[in-house]
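Asks: I have a structure I would like to understand better, so I am pasting it below and will then ask my questions one at a time.
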Amino acid sequence: MRGMNFNFLCGEPPRPNGRNVGIIGAGPSGLAAAGLLSCQGYQVEVYDKLPKPGGLMLFGIPGHRIPKERIETGTRRMAKRYGVIYHTRTKVCCSAPLHEEEGDHFCADMRGLADLLEKHEAIIICSGSWKSRRLGIPGESLPGVYAGIQFLFPIRAVQYTAPNVKVPDVVGKRVMVIGAGHSAVDVAHSALSLGAAEVCMVYRRSRKEAPCGTYEIQRLEDMGVRWRELTTPMRFLGQDTVEGVEVSEKVVDEQGAMVERTTVIPAEVVVTAIGEIATPPFAKELGLENVRRGEVRWLNMTAIENVFVAGDALSGPSKIGKAVYSGLRAARSLANWLDLKAQNRQHEFTGDLMARSPEPTGSHGAV
Amino acid sequence: MSETKKLSVNYAACIGCETCEYVCRFANETPRIHMARTRSGLMVPLYCHHCEDPHCVKVCKQGAIVVDAQGVVLLNTMLCRGCDSRQCIQACPYAAMFETDKGVMLAKCDLCAARRRAGLEPACAEMCPTGAILYAVPETLKKAETPESLAAVERVLAHIRGK
Ligand SMILES: Cc1cc2nc3c(=O)[nH]c(=O)nc-3n(C[C@H](O)[C@H](O)[C@H](O)COP(=O)(O)OP(=O)(O)OC[C@H]3O[C@@H](n4cnc5c(N)ncnc54)[C@H](O)[C@@H]3O)c2cc1C
């Protein structure tokens, strides 16, 4: 299988231009940025805390939806032909303490942003959006309650040996998935294929409002997933591990009126797949809120000169396409910035190259 | 059968991630492949199939849509008047003529003509994360069809007709 061609903007590798750029995060946004810059002759080095480049395309989204070869062949080609260097298992430090986020298990090396700035002329932060949103209801910390990526990540990561990476044990168990976005669908699907006895999907709005669409729901139902809509989790029940969830559901009574009632749905594994939030290193120092609003000196550049940001780290959870586009735009902006700075002409062009519109935002997760 | 390579999206493998539309936007400013959300909530890219006998060419009174020697259906932006009747938009069975609010009223795929001149292939196919977009001669595209891909195309076409 041919790989994703991250170097789609050029043919033969160009002559080196003598400049060196660092990219933090090897998801779709970082890889797209690496592709553009390596096509312009930059020496590109990509840092990622995981053992392989690919980001959520490799470690979040199940393999039956994105073939792993398509990513691996693509990233390998970029290294071989265009000289891109991957520093895997390397976390660039850190707004969250180590071992707080999924995937930290793999880190063998930590680098500070300052080190990187010394080594590279410019940096793009493409670290994605990995911290799971929580429901904030009682019992959420009971063993057996997982967040979306927490559940999905080990399934694909387990093939790379690291301590503490275990596939969630769902065999013969009743699994409840909370949410109706893409990640919720992926969780339900994975739970079934891992041998769960029953899978039910709980969503607080109606089927028609589900972000994943009715077709996906139908498909899951055909596979045996039970869909329960207009159902809101109130608390997780259980002593040492989760045993069920108390929910409030809207149902039609004998008189045909919509009433709310409280019931308990038994489950030994519960996954809350309600979206993620971005945790880029140094969010405050970088002034990310301003970048989001488009109030910047230079498109995609943060408050720290020569440090750019792109992808879900900037926009919050979105989609691969948006992340790719954001990475490409940030890379182009970085190249323009370095070129003009070298000629001491950066002030002439600001008006034209500044962000005119903030980054598009979106979410695939939903409560 | 034509020897010109064309695009084909395997909707059974597509996950609706929008990468094709966004790289097209980056490569061509105005994207010529567009995501649509079907009534059942599937995100699917709509695109020009570069038909053998294109309806859009026949209905355009300005003669702005032409088929080149290789069988690629091209929009001559100098001739397009963005006429009120929007015949070409109506005529396309794949809903692949796109209105824009830019200077040119219409955008359509030219199989990345500028890139092809530089020896490159259409950007969408190069960057699709799933490999669902093929760029190949019709014979190869035909061979790649599966019962699943054909059924998926039918679902998309049913959505287009239903509009
Ligand atoms: C379960 C799930 C299903 C999804 N399904 C779809 C779908 O069907 N279609 C779709 O379009 N989108 C889907 N998405 C969303 C999509 O995966 C993301 O929008 C996209 O991957 C974002 O790209 P990115 O490059 O910004 O970040 P990511 O893909 O998240 O990549 C970020 C990379 O940065 C690394 N990193 C983070 N912090 C550091 C650090 N401090 N130091 C070093 N490395 C670091 C991470 O290890 C990771 O490799 C899904 C997401 C999830 C969670």
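Residue numbers (the numbering used here), protein chains in the order written: chain U, 22 to 388; chain H, 3 to 165.
Where a beta carbon is used, it is the ideal one built from N, C-alpha and C, also for glycine.
State the CB to CB distance for the pair residue 121 of chain H and residue 233 of chain U, rounded to an integer number of angstroms; the pair is presumed to be in contact (CB under 8 angstroms).
Replies: No, residue 121 of chain H and residue 233 of chain U are not in contact; Cβ-Cβ is about 40 angstroms, not under 8 angstroms.
Asks: Give the DSSP-derived three-state secondary structure of residue 224 of chain U in the structure shown.
Replies: Residue state, collapsed to three classes: coil.
Asks: Could you spell out where the alpha helix (DSSP H) holding residue 81 of chain H opens and where it closes?
Replies: Note, residue 81 of chain H: premise wrong, no alpha helix (DSSP H); not H, not E.
Asks: Please tell me whether residue 118 of chain H has its Cβ less than 8 angstroms away from any Cβ of chain U.
Replies: No, its Cβ sits nowhere closer than 8 angstroms to a Cβ of chain U.
Asks: Distance check for residue 161 of chain H and residue 41 of chain H, CA to CA, integer angstroms please.
Replies: Cα-Cα distance, rounded: 7 angstroms.
Asks: Going by the DSSP bridge assignment, what does residue 270 of chain U pair with across the sheet?
Replies: Partner(s): U:252 and U:282.
Asks: Whether or not the segment 85-98 of chain H and the segment 127-135 of chain H are in contact is what I'm after, with contact meaning three or more pairs of Cβ atoms, one per stretch, closer than 8 angstroms; do they touch?
Replies: No, the segment 127-135 of chain H is not in contact with the segment 85-98 of chain H.
Asks: For residue 159 of chain U, which option in U:256, U:361, U:294 and U:48 has the closest C-alpha, if you only look at C-alpha atoms?
Replies: Here the closest residue by C-alpha is U:256.
Asks: Taking 8 angstroms as the cut-off, decide whether the C-beta atoms of residue 68 of chain U and residue 45 of chain U are in contact.
Replies: Taking 8 angstroms as the Cβ cut-off, residue 68 of chain U and residue 45 of chain U qualify as a contacting pair.
Asks: With respect to the beta strand (DSSP E) encompassing residue 292 of chain U, which residues constitute its N-terminal and C-terminal limits?
Replies: It spans 290-293 - the beta strand (DSSP E) in which residue 292 of chain U sits, taken as one unbroken run.
Asks: Within its chain, find whatever has a CB closer than 7 angstroms to the CB of residue 113 of chain U; leave out the 5 residues flanking it on each side and keep chain order.
Replies: Excluding positions up to five away in sequence, the list reads 45, 68, 132, 134, 137 and 302.
Asks: Compute every distance between the C-beta of residue 145 of chain U and the non-hydrogen atoms of ligand 1, then say whether any falls below 7 angstroms.
Replies: Result no, Cβ not under 7 angstroms from ligand 1.
Asks: Any C-beta of chain U within less than 9 angstroms: which residues of the segment 14-26 of chain H qualify?
Replies: Going along the segment 14-26 of chain H in chain order, one finds 15, 17, 18, 19, 20, 21, 22, 23, 24 and 25 with a Cβ nearer than 9 angstroms to chain U.
Asks: Output yes or no for whether 8 angstroms exceeds the beta carbon distance between residue 247 of chain U and residue 221 of chain U.
Replies: Going by C-beta atoms, residue 247 of chain U is nearer than 8 angstroms to residue 221 of chain U.
Asks: Kindly list the residues whose CB is nearer than 7 angstroms to the CB of residue 258 of chain U, restricted to its own chain and excluding five residues on each side of it in sequence; keep chain order.
Replies: Correct list, in chain order: 160, 264, 265, 266, 267 and 285.
Asks: Could you tell me whether the segment 21-36 of chain H touches the segment 141-154 of chain H, where touching means 3 or more Cβ pairs closer than 8 angstroms?
Replies: Output reads no: the segment 141-154 of chain H does not touch the segment 21-36 of chain H.
Asks: Starting from the C-beta of residue 188 of chain U, find all residues in its chain whose C-beta is less than 6 angstroms away, skip the five residues before and the five after it, and write them out in chain order.
Replies: Contacts found: 175, 176 and 179.
Asks: Near residue 167 of chain U, what residues of its chain come up, given a Cβ to Cβ distance below 8 angstroms and the 5 sequence neighbours on each side ignored?
Replies: Counting only Cβ-Cβ distances below 8 angstroms, and skipping sequence neighbours, we find 189, 290, 291, 292 and 293.
Asks: Evaluate the contact criterion for the segment 347-359 of chain U versus the segment 106-122 of chain H: three or more CB pairs, one atom per stretch, below 8 angstroms.
Replies: Segments in contact, no.
Asks: Here's a check: name, in chain order, each residue in its chain whose Cβ is nearer than 6 angstroms to the Cβ of residue 349 of chain U, leaving out the five neighbours to either side.
Replies: Hits under 6 angstroms: 53 and 57.
Asks: Considering only heavy atoms of ligand 2, does any lie closer than 7 angstroms to the CB of residue 328 of chain U?
Replies: Because ligand 2 does not appear in the structure shown, any question about it cannot be addressed here, the ligands present being ligand 1.
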